[in-house]
Structures are given as structure tokens and as C-alpha cells.
Amino acid sequence: FTANGNVVNNGNVRNNGTGYKFNMNVGGDISNFGSWENQYTYLISSGTHNLMQSAGHMISCYEFNATEGTGLITLMSDFNFHNTKIVLNGATIELDDSKGGNLYINGNFMDNGSLIANNHNLFMEGNAYIEDLTLSDATLTGIIQISGDNVTFNGNTVLNGTLQNYIYTCNVSFLGNFT
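Structure below.
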């Protein structure tokens, strides 16, 4: 399924339960006000993608993938991923400063890109981890696990939870303040 424009979900996006998978290509914005549990969701255009989600909802697909060359991904509200691989392929997620959005990741990982948090929360739990990621001005809550040697924190990083290695030894770079 390919939507070159915006996708607004007020119902259920999911695999059919018979073993066949439902994949989506989205060229515009995503507004999720329902259940989102398909196999793959790909962001496919170089323009900005605004993502919003109502309270109590989440994206719980196997993989949420920003294809190479995807434009800025702006989270316009609190946004939840549950057991979803978040593969950025060099893209940047920004937590919208005017909306107060926070990013919640429960299970799986986020890798290969950047997060501009604008002093908002990155909350992780459920054995989730980050790798190959640059984070700027982030408030870290929950249990933030680091995998590999390529995680950098820029600007002001505030730790309100636990920061630890995922499985193996890791090295983290702080280029700014860490409190």
C-alpha cells in the first residue's frame, strides 16, 4: 500500500492474521488515532513528515523505517512506539518544541540517525536500546540502553533515569553538559 500524501488512522492498520504481511509506504504526514500494527511502515519522501498521535495509542509494527533521503521527521505530540524497530537510515527526528512532544520507546531499538529533543523526554523501557545515534538536548527517562560505540549526546543532556550498556561494552560521547 502506498500513500503519497498524508495518512490519518482512526481505526485499525494491521496484518490480517493469516500469515500475510501488510506493508505501508507513506509520503506525507501520519496522524494515528487508532491501532497501528502492520509489518513495515516506510517513510518515503524527502519532504518533512509531521507525526502525531492521540493519548493511549501507539505504533506497534515490526519495523518503522525512514528510507534513505527521508526529510525531517517532526513529532507534533507525545509519540509511542511499542516493540518496533525504528530504523532512521540517516534521518532526523525532532521533538516539536512548541507542542511539548516526548518520545516513548517500549521494546526493540532506534538506530542510524539523529534525535533533536529540544529538552523533551526520550523515555525507554522493555529492554529497548539505541545505537548509531546522535542525540541533542535530551532529557533521558526510564532505562536508556546503549549498544555499540557510536552514540553521541550533544548540548544539554539530563539524566532522570538509568543510562547503561545494552549487552556488550560500549563507549558514549558527551559533547556538552551532562547532569
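Residues 2 to 180 (the numbering used here) are what the sequence shown spells out, left to right. Cβ atoms here follow ideal geometry from the backbone N, Cα and C, with glycine treated the same way.
In this structure, the straight-line span from the alpha carbon of I94 to that of L104 is close to 10 Å.
In the structure shown, the three-state DSSP call for Q40 is coil. When T85, F82, M53, F154 are compared, the shortest CA-CA separation from I117 is found for F154. The stretch 52-111 contains, as complete beta strand (DSSP E) runs of 3+ residues, the segments 64-67, 74-76, 80-83, 86-88, 93-96, 104-107 (chain order).
If you ignore the 5 residues before and after S32, its C-beta comes within less than 6 Å of the C-beta of V9, M53, all in its own chain and listed in chain order. Residues of the same chain with a CB within less than 8 Å of the CB of N16, apart from the 5 flanking positions on each side, are K22, F23, E38, N39, Q40 in chain order. In the three-state DSSP reduction, T135 falls in the strand class (E or B). DSSP, read as helix, strand or coil, puts T140 in strand. With respect to S115, L141 sits apart: the two C-beta atoms are not nearer than 8 Å. Nearest to N13 by alpha-carbon distance, out of I60, G28, A4, is I60.
Nearest to D112 by alpha-carbon distance, out of L44, F65, G101, is F65. Under DSSP, I147 shares a beta bridge with I131, N166. I168 and I147 do not touch by the CB rule: their CB atoms are close to 10 Å apart, not below 8 Å.
In the three-state reduction of the DSSP assignment, G156 falls in the strand class, which pools E and B. From the listed residues T75, H58, L44, the smallest Cα separation to F82 is found for H58.
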